[in-house]
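For the sequence shown, the working numbering assigns the number 38 to the initial residue and increments by one for each residue that follows.
These notes are about the structure you will find just below.
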Amino acid sequence: ANVLFQVSRTKKFRLWHPHRALELGFPPGGSSSATILNPFADLSTSATTTNYDILLNPSDAIFIPSVFPHAALSVTPCVAVNVFWGDLDGEKYAPGKDVYGNRDLVAYERGRQALGKVMRQFEGLPEWVRRFYLERLGAEVIEKGREGRRETEGRTCGMVGA
Numbered sequence: 038a039n040v041l042f043q044v045s046r047t048k049k050f051r052l053w054h055p056h057r058a059l060e061l062g063f064p065p066g067g068s069s070s071a072t073i074l075n076p077f078a079d080l081s082t083s084a085t086t087t088n089y090d091i092l093l094n095p096s097d098a099i100f101i102p103s104v105f106p107h108a109a110l111s112v113t114p115c116v117a118v119n120v121f122w123g124d125l126d127g128e129k130y131a132p133g134k135d136v137y138g139n140r141d142l143v144a145y146e147r148g149r150q151a152l153g154k155v156m157r158q159f160e161g162l163p164e165w166v167r168r169f170y171l172e173r174l175g176a177e178v179i180e181k182g183r184e185g186r187r188e189t190e191g192r193t194c195g196m197v198g199a
């Protein structure tokens with residue numbers, strides 16, 4: 038999570054709900070807004086993505102919850118200060134330098150490694166067979182992920198439209 042304090046001039050800020058991350062087109066393993074092709078494009082014509090647009094002026098501050106994709110664009114040259122921190126116990130995060138407080142979780146990194154092993158097990162099969170089973174597995178993963186989401190629906194940091 039982090040808090041951005043706008044010190045001088047103006048900055049345009051865009052925030053997306055984490056449940057919309059797949060619609061933003063992050064590459065595998067990517068979690069930075071720098072990987073979104075054009076984060077300030079009007080996504081309403083190309084996706085069902087809900088975004089929250091904010092214009093930050095001097096003395097404004099914005100709280101950015103963990104895992105909320107976001108992007109900032111300076112309208113004029115400006116100064117802002119960010120304060121970053123991790124919300125979870127340190128051992129939950131993957132090892133490495135974490136200047137921006139957005140290090141991926143160990144569970145995610147291990148899951149990506151496990152996915153590589155699963156994919157290798159389907160090598161050599163006809164594409165249509167591989168696709169049939171992998172799509173079923175993918176649907177299971179999505180369903181399991183949504184089980185926890187139902188329990189927290191509507192309680193995500195007071196965001197409207199979550």
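Ideal Cβ placement from N, Cα and C applies to all residues, glycine included.
A quick note: this is a predicted structure, and the numbers were derived from the prediction, not measured.
Status (buried if at least 16 other CB within 10 Å, exposed otherwise) for Phe-100: exposed
Euclidean distance between Cα positions of Phe-121 and Val-178: 30 Å
C-alpha gap between Pro-132 and Ala-151, whole angstroms: In this structure, the straight-line span from the alpha carbon of Pro-132 to that of Ala-151 is close to 18 Å.
Beta-carbon contacts of Ser-103 that lie in its chain and below 6 Å, excluding the five residues immediately before and after: Ala-38, Asp-124
Boundaries of the beta strand (DSSP E) in which Ala-131 is found, first to last residue: That residue, Ala-131, is in no beta strand (DSSP E); it is neither H nor E in DSSP.
Residues that Gln-43 bridges to, as DSSP identifies them: Ala-117
Distance, Asp-90 Cα to Thr-47 Cα: 13 Å
Cβ-based burial, Ala-144 [other Cβ within 10 Å; buried from 16]: With a threshold of 16 other beta carbon atoms within 10 Å, Ala-144 falls short and is exposed.
According to DSSP, residues forming a beta bridge with Asp-124: Asp-124 is not bridged to any residue.
Span separating the alpha-carbon of Ser-45 from that of Leu-52: 20 Å
Coarse secondary structure for Ala-38, derived from DSSP in three states: coil
In DSSP terms, what Arg-51 is bridged to: Answer by DSSP bridge pairing, in chain order: Asp-90, Ala-108.
Leu-162 - DSSP class collapsed to helix/strand/coil: coil
Neighbourhood of Asn-88 by C-beta, 6 Å cutoff - its chain only, sequence neighbours within 5 removed: Excluding sequence neighbours, Asn-88 sits near Arg-51, Trp-53.
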